[in-house]
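In order, the protein sequence lines correspond to chains L and A. Residue numbering for the first sequence follows the numbering used here, starting at 1 and increasing by one per position. Residue numbering for the second sequence follows the numbering used here, starting at 1001 and increasing by one per position. Even for Gly, the Cβ is constructed at its ideal location relative to N, Cα and C.
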Amino acid sequence: MSSAGEHHPALAHHFESLDNQKEAATLGMWAFLAQEVLFFGGLFLVYALYRNIYYPVFEASSHHLNWKLGAFNTAVLICSSLTMAMAVHAAALGHGRQAMGWLIATIVLGAAFLGVKVVEYHDKWTHGLVPGLHWGPPETVAEELHLSVADALHAQLYFSLYFAMTGLHALHMIIGMPILGWLAWHASRGRFGPEYHTPVEMTGLYWHFVDIIWIFLFPLLYLIGHH
Amino acid sequence: MTPAATSVREAPALPREHYLNVSYGWKSWLLTTDHKRIALLYLTSVTLMFAFGGTFAALIRLELLTPAGDLVQSETYNKLFTMHGVVMVFFFLIPSIPAVLGNFLIPLMIGAKDLAFPRLNLLSWYLYMIGAALGIFAMVRGGVDTGWTFYTPYSTVYSNTHVVSTALGAFVAGFSSILTGLNFIVTIHKMRAPGLTWFRLPLFVWAHYATSLIQILGTPVIALTLLLVALERVFHFGFFDPARGGDPVLFQHLFWFYSHPAVYIMILPAMGVISELVSCFSRKRIFGYSFVAMSSLAIAGLGFLVWGHHMFISGQSSYAGIVFSALSFLVAIPSAIKVFNWTATLYKGSISYETPMLYVFGFVGLFTIGGLTGLFLAAMGLDIHVTDTYFVVAHFHYIMVGGAIMAYLGGLHFWWPKITGRLYPEAWGRLSALLVFVGFNLTFSPQFILGYLGMPRRYHAYPDEFQVLNVLSSAGASILGVGYLLPLCYLIWSMRYGKVASANPWGAKGLEWQASSPPLTENFATQPVVNEPAYDYAAPEGEAAVV
Chain L
1 MSSAGEHHPA LAHHFESLDN QKEAATLGMW AFLAQEVLFF GGLFLVYALY RNIYYPVFEA
61 SSHHLNWKLG AFNTAVLICS SLTMAMAVHA AALGHGRQAM GWLIATIVLG AAFLGVKVVE
121 YHDKWTHGLV PGLHWGPPET VAEELHLSVA DALHAQLYFS LYFAMTGLHA LHMIIGMPIL
181 GWLAWHASRG RFGPEYHTPV EMTGLYWHFV DIIWIFLFPL LYLIGHH
Chain A
1001 MTPAATSVRE APALPREHYL NVSYGWKSWL LTTDHKRIAL LYLTSVTLMF AFGGTFAALI
1061 RLELLTPAGD LVQSETYNKL FTMHGVVMVF FFLIPSIPAV LGNFLIPLMI GAKDLAFPRL
1121 NLLSWYLYMI GAALGIFAMV RGGVDTGWTF YTPYSTVYSN THVVSTALGA FVAGFSSILT
1181 GLNFIVTIHK MRAPGLTWFR LPLFVWAHYA TSLIQILGTP VIALTLLLVA LERVFHFGFF
1241 DPARGGDPVL FQHLFWFYSH PAVYIMILPA MGVISELVSC FSRKRIFGYS FVAMSSLAIA
1301 GLGFLVWGHH MFISGQSSYA GIVFSALSFL VAIPSAIKVF NWTATLYKGS ISYETPMLYV
1361 FGFVGLFTIG GLTGLFLAAM GLDIHVTDTY FVVAHFHYIM VGGAIMAYLG GLHFWWPKIT
1421 GRLYPEAWGR LSALLVFVGF NLTFSPQFIL GYLGMPRRYH AYPDEFQVLN VLSSAGASIL
1481 GVGYLLPLCY LIWSMRYGKV ASANPWGAKG LEWQASSPPL TENFATQPVV NEPAYDYAAP
1541 EGEAAVV
């Protein structure tokens, strides 16, 4: 408000200062991430239970995933977190063009991750390992995973978890990428600077969180039995 | 009563400009970011959903007038109690006090211009409406019959009703609830007026803070669980299907991990309302302020540790059962702290009996009965005897209807002058409070006996010997229905014809009463500053007349 001597266009009418507004946004984002932890937490619980009960099946099914592609994707996502952090840094310094570049790099890395995911999903489809949509006959699945026919029934639990967990994770990235694009556009128009770059920072928190979820998913899904 | 008397003498007039008359037209409502207008959007939509849920309840009570299943078939009856539960829990009780009264009052009570994220607040309402639309879509298309609990594998494998759209409706409405809680937490942390320290906050705000914690930490789990139910139904994932190696009891754990705390999402805001009301109409500072505030947090925290008491007969480990039983008993402590402190507030107070206070008395009595019968159900041995009987039905209706809805109505009457700028007719208000109290008790106290005698819930026919008690219950329900219809009529009437209210018709403490009635869009003409504790009714008169 004018009484505080601030006229920044990004200051909403109900906040007393940009600092106050940023503190609110930061707390809100962390609360949102806490919510996300609980949301994924339910799936991690389901995973923990069934991995415990059907460990041999989970191990055999896990070997059907390509850990090299998983490891590559892990590296891609960690790099995207780096470019995201660089984007926040550039935005905070008011270097709009640079921030835009880092944000676009983040989008490209995110797209690369999703591209690899498509390859992996397609592989499961061709092997008849997609529960509900394309699940092969018990004998084929058993042969594919080197399991007995009785155990192969339970492999469906593993692959359901695989698709539910990586699918929800991918959905979070798909939601994040247009937001990154929107930020890149605003960054290129010089909207962000030392006093106001909250949206970039908040999206950064979100992006890092999605990254961390994957850091957990990779060993839990790809590396069962790799000691 | 002197502050009220002085303000009445001034012959109040409506302020020239307030949040209701700054703009007109449907766009000014559907695109508003004003927390007060959004509260009214919620008020309209939850009232509509309450009417739906109430209609289902009326049909249930009509069917149960006679022992034979004659009005509806058992399949229809299954749908009636399911949709009654789904609508009342997900689309009425959970949003009712927080999204209507909390939305309207929290910024006013803490001296802020709005919630921290006004657009997010509007998004919450739209999410609620999308969820409700999905729920209504399922009802219109033929309904759902799983019970509001969606137990697997019935919901995932066997039921051939509209489970997916109903579950997705609750899923979307859940995100509305999460975002509302998030908004409240940030607002309470970051937007309090100068001088308004944590322990000067109205207890209504403390209660909503605790509620918001549950909304943020519990709701995502039910959202995920309902998503898994929908996925399992469509893609046969098998997480909850024994035929594929899944475990139906896992669903119950996930479901109750949220749905027990959800009861506290309903009752904690109600307790916040009661704390405000009991203090105002006793003209006394609330007894044991910090204990009442902290007991809200204690209930929210303990609430996450007791879900297993819904599963004593599910086959869960009996050692787990013992732990859940003991933890459930602990919830009685913070609940009792509240009841004792409200009662102690009355002691030597200057009590008056306006409509909101009648609801307070109703609440305290009914909540106590609901809470004490909760102890019966927390005791494993006794619970096994009454599991899935009308005893359970009576118990949770004493909490949800006798508790939460009584407080909602009491709060709605109390803040009605602030919301609309007009007074409701007091005599009609008292009559409706009395009808609700009598009707409620007549409806649900016979159900305790029915349940103890062994009448199971969720059946549309019953043995002849239960008829007298069932007729009593249905008769009570018709009185209760009148008790709910009356406020609907006279509150709407009062919006046009009610007496114009002053800024502070009750002579109450709290920043919301320093704003005009109805408030400005920015709530306060100048930033309020707080320099006194909450409920400072003992303060000299001069200080009260700030307005």
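query	result
First and last residue of the uninterrupted alpha helix (DSSP H) at Y1535 (chain A)	First-last for Y1535 (chain A): undefined, no H or E at that position.
Short CB-CB distance (under 9 Å) between E1512 (chain A) and chain L	no
L1101 (chain A) (DSSP reduced to helix, strand or coil)	helix
Range of the contiguous alpha helix (DSSP H) that encloses K1036 (chain A)	H1035 to E1063
8 Å CB neighbourhood of G1054 (chain A) in its chain, flanking five on each side removed	G1481 and Y1484
Distance CB(I1188 (chain A))-CB(L1122 (chain A)) smaller than 9 Å	no
Through-space distance from V1278 (chain A) to M1357 (chain A), alpha-carbon basis	7 Å
N52 (chain L), buried or exposed, once every other Cβ within 10 Å from all chains shown has been counted against 16	exposed
Selected residue, minimal CA-CA separation from G167 (chain L), among L:V210, L:L145 and L:L153	L:V210
Cutoff 9 Å: K1113 (chain A) Cβ touching any chain L Cβ	yes
Option in L:E16, L:H95 and L:G110 with minimal Cα separation from L180 (chain L)	L:G110
CB of S1318 (chain A) within 9 Å of CB of M1380 (chain A), strictly	yes
Beta carbon of F1081 (chain A) nearer than 9 Å to that of A1173 (chain A)	no
CB contact check: V1219 (chain A) to chain L, cutoff 9 Å	Going by the sequence as given, residue 1219 (chain A) is Thr instead of Val. True, the Cβ-Cβ gap to chain L drops below 9 Å.
With 16 other Cβ atoms within 10 Å as the buried cut-off, status of F1367 (chain A)	buried
Chain L contacts made by the region 1204 to 1230 of chain A, where a contact means CB separation under 8 Å	I1216, L1217, G1218, T1219, P1220, V1221, A1223, L1224, T1225 and L1228
Proximity of M1311 (chain A) and G1321 (chain A) at Cβ, strictly below 9 Å	yes
Complete alpha helix (DSSP H) runs within the region 82 to 142 of chain L (minimum length 4 residues, chain order)	96 to 126
The alpha helix (DSSP H) enclosing F1092 (chain A), as first and last residue numbers	From DSSP, F1092 (chain A) is part of no alpha helix (DSSP H); its letter is neither H nor E.
Pairwise C-alpha distance: I175 (chain L) and L1041 (chain A)	28 Å
C-beta atoms of L114 (chain L) and L221 (chain L) nearer than 9 Å	no
Sheet register partners of N1441 (chain A) (DSSP bridge)	None; N1441 (chain A) has no bridge partner.
Chain A contact for Q156 (chain L) (CB, 9 Å cutoff)	yes
Proximity to F1251 (chain A) [Cα-Cα], best of A:T1225, A:P1425 and A:H1260	A:T1225
Under 7 Å by beta carbon: chain A residues contacting L43 (chain L)	L1224
Interface positions of the region 1165 to 1190 of chain A facing chain C (Cβ-Cβ less than 7 Å), listed along the chain	No chain C is present in this structure, whose protein chains are L and A.
Rounded separation between G70 (chain L) and M165 (chain L) - CA only	14 Å
Cut-off 6 Å between Cβ atoms - residues of its own chain near L161 (chain L), not counting five sequence neighbours on either side	Y47
Cutoff 9 Å: F1237 (chain A) Cβ touching any chain L Cβ	yes
Short-range partners of chain A found in the region 50 to 76 of chain L, where Cβ spacing is below 9 Å	Y50, I53, Y54 and V57
Cβ of S160 (chain L) within 9 Å of any chain A Cβ	yes
Cβ shell of T1066 (chain A) (< 8 Å), same chain only, five flanking positions each side left out	Q1467
Chain-ordered chain L contacts of R1244 (chain A) [CB-CB under 8 Å]	L153, H154, Q156 and L157
Host alpha helix (DSSP H) of F1324 (chain A) (start-end)	S1318 to L1346
Ranges of the alpha helix (DSSP H) found wholly within the region 1141 to 1205 of chain A, counting only runs of at least 4	1163 to 1190
Which residues DSSP lists as bridging A1523 (chain A), in chain order	Reading off the sequence, residue 1523 (chain A) comes out as Asn, not Ala. A:L1520, per the DSSP bridge assignment.
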